[in-house]
Amino acid sequence: MKPAEGSTVIGKSVVIRGQLSGDEDLYIDGDIEGTITLKDSGLTIGPNARVRADITVRDVTVFGHLTGNVHATGRVDLRQSAIVNGDILAGRLSIEESAVLKGSVELKQGSGTQSKSSTSAATPSAPAEPSAPLFTQPQA
Numbered sequence: 001m002k003p004a005e006g007s008t009v010i011g012k013s014v015v016i017r018g019q020l021s022g023d024e025d026l027y028i029d030g031d032i033e034g035t036i037t038l039k040d041s042g043l044t045i046g047p048n049a050r051v052r053a054d055i056t057v058r059d060v061t062v063f064g065h066l067t068g069n070v071h072a073t074g075r076v077d078l079r080q081s082a083i084v085n086g087d088i089l090a091g092r093l094s095i096e097e098s099a100v101l102k103g104s105v106e107l108k109q110g111s112g113t114q115s116k117s118s119t120s121a122a123t124p125s126a127p128a129e130p131s132a133p134l135f136t137q138p139q140a
């Protein structure tokens with residue numbers, strides 16, 4: 001996994017405890033505990049990362065371990081190696097096969113007039129009933 005061009009990088013040997021905020025894209029591959037606020041920027045949690053933080057970002061892509069709640073105004077991507085324990089509030093959510101999510105999910109579109117919600121854990125090893133939908137769409 002290579003950080004995006006122009007991103008600030010926190011390497012895998014770095015440990016941070018406290019509040020982290022900024023106005024540019026951030027790539028984390030280290031150990032972070034506290035809060036992360038990047039309201040107008042993107043965050044990538046690398047495959048070696050262990051993040052225990054509540055996160056407020058525009059977009060987030062998770063390859064590593066994340067424990068904490070996520071509030072994203074844009075997109076949340078959970079890649080194959082992602083393990084997330086916490087609630088997600090976002091505009092869009094993408095979960096690859098083998099990613100693990102334990103928590104609730106609320107997806108909001110536009111001004112928040114529509115939402116989707118789930119309170120169960122999503123794991124690829126748990127087969128869903130073929131007749132039951134994975135998510136339900138609220139009727140407008």
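Residue numbers for the sequence shown follow UniProt numbering, so the first one is 1 and each next one is one higher. Just so it is clear, CB atoms sit at the ideal spot from N, CA and C, and this is done for glycine as well.
Since residue 72 and residue 50 are thought to touch, with beta carbons under 8 Å apart, how far apart are those beta carbons, to the nearest angstrom? So it is not a contact: roughly 20 Å between Cβ atoms.
Would you give the residue range spanned by the beta strand (DSSP E) that residue 75 belongs to? 75 to 78
Length of the line joining the Cα atoms of residue 52 and residue 109: 27 Å
Taking 8 Å as the threshold (C-beta atoms), are residue 106 and residue 79 in contact? no
What residue does the beta strand (DSSP E) around residue 48 start on, and which one ends it? Element bounds for residue 48: n/a, residue is neither H nor E.
Nearest-angstrom Cβ-Cβ length linking residue 31 and residue 15, presumed shorter than 8 Å: 5 Å
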